[in-house]
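See below for the structure under consideration.
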Amino acid sequence: MRLGSIALLLCIVSIFSCVPTSKITYLQESKSTMIDSLMMARRLQPPYRLQVNDVLNITLAESSDPRLNETFKPETGESVSGAGVTGYSIDTRGEIRLPELGRIKAIGLTTEELQEKIKQILLDKYFKEEEDLFLTVKLAGISYTMVGEVTGTGQKSVLKEQINIVEAIAEGGGVPGTGDLTAVKIVRTYPDGQVKVHTVDVTTIDVVYSPYYYIQPNDMIVVDPLPQKALGVGTTGLGAFTTILSVVTTLLTVFLIATR
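See below:
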């Protein structure tokens, strides 16, 4: 009877200590949404405003002025490398420095606004107003940081202009079965200096509607451990059962020896 009670308790504890698959599965279908949510993902996010340490690619089509051709070559000017991303960096004063053009305020602008600003400087200084300039300003890449219950911590970089939270986690090595995917934190610094923490649930497909579905440069992604890790049990029913069985066996052995 005593052994039966212990066995029953062992089964109950193992059931409640294992991690349900719903906690570790990405983009599960929403019960309230029967359509293909991924096809309807909201891509029109609020425009990103440039910040300190952002790295930009600035290119100009062939110009008749050789000085400008040199200015906009990738390997010249104030080109810097940071976390695997190469381009023109926004310094602590919120400016980029271009040869021939000097310092240009960039912080708080969108890439399109900065593009028009540089284009206007070029038109005023080197070209006629009616001349067409093929100037482009883009983010050279996105650098972000992964911390917490993740496979690979530290700074990560992708050579893309846009990356979503699921892709960012995958690029960073993923999250083990002991990580809580239902409350992934995004620590974001805004151009005015404010730091805000946003939380997203990447186990549901509805995350694609979140304004934080796409990460931004310099974001920090934080994944907390599940309670099961603190308990020191397995992430599956078998793992939990094995761990608890080992503990109970040891306790029974000690008890039998003590009462013999």
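Residue numbers (numbering that gives the first Met the number 0): 0 to 259. We put the CB at the ideal spot given by N, CA and C, even for glycine. Given the structure is predicted, the values throughout are model-derived calculations rather than measurements.
Cβ contact (3+ pairs, closer than 8 angstroms) linking the region 90-110 and the region 162-173: Contact between the region 90-110 and the region 162-173 is absent, because fewer than three Cβ pairs lie under 8 angstroms.
Own chain, CB closer than 7 angstroms to PHE126, minus 5 neighbours either side, in chain order: Stepping through the sequence shown from its first residue, residue 126 is reached at position 127. So the qualifying residues of the chain are LEU132.
Range of the contiguous beta strand (DSSP E) that encloses GLN119: The residue labelled residue 119 in the question sits at position 120 within the sequence shown. GLN119 -> not in any beta strand (DSSP E); alpha helix (DSSP H) instead, spanning 110-124.
Residues that DSSP places opposite ARG102 in a beta bridge: Translated into positions along the sequence shown, residue 102 becomes position 103. DSSP, once it has assigned bridges, lists ARG96 as partnering ARG102.
Cross-strand partners of ASN56 (DSSP beta bridge): Against the sequence shown, residue 56 aligns to sequence position 57. DSSP, once it has assigned bridges, lists LYS137 as partnering ASN56.
Own chain, CB closer than 8 angstroms to ILE120, minus 5 neighbours either side, in chain order: In the sequence shown, counting from the first residue as 1, residue 120 sits at position 121. Taken in chain order, the residues that qualify are LEU100 and ILE103.
Sub-7 angstroms separation of TYR87 and LEU67 beta-carbons: If you number the sequence shown from 1, residue 87 lands on position 88. If you number the sequence shown from 1, residue 67 lands on position 68. Cβ distance not < 7 angstroms, so TYR87 and LEU67 don't count as in contact.
Rounded C-alpha distance that separates THR210 from PHE71: Here the question's residue 210 lines up with position 211 in the sequence shown. Here the question's residue 71 lines up with position 72 in the sequence shown. One point to set straight first is that residue 210 is Pro, not Thr, in the sequence displayed. Between PRO210 and PHE71, the C-alpha separation is close to 34 angstroms.
Beta-carbon proximity list for PRO276, same chain, < 7 angstroms, skipping 5 on both sides: The chain is shown only over 0 to 259; residue 276 falls outside these bounds and no answer can be derived.
Same chain only: Cβ atoms within 8 angstroms of ILE256, ignoring 5 sequence neighbours per side: Numbered from 1 along the sequence shown, position 257 holds the residue referred to as residue 256. No residues qualify anywhere along the chain.
VAL51, enclosing beta strand (DSSP E) - first and last residue: On the sequence shown, position 52 is the one that residue 51 refers to. No beta strand (DSSP E) holds VAL51; DSSP gives it neither H nor E.
N- and C-terminal bounds of the alpha helix (DSSP H) containing VAL165: In the sequence shown, residue 165 corresponds to position 166, counting from 1. Per DSSP, VAL165 belongs to the alpha helix (DSSP H) from 164-170.
Buried/exposed call for GLY140, threshold 16 Cβ in 10 Å: Working through the sequence shown from its first residue, we reach residue 140 at position 141. GLY140 should be labelled buried.
Counterpart residues of GLY178 in DSSP-defined beta bridges: Residue mapping note: residue 178 aligns to position 179 of the sequence shown, counting from 1. DSSP links GLY178 through a beta bridge to PRO224.
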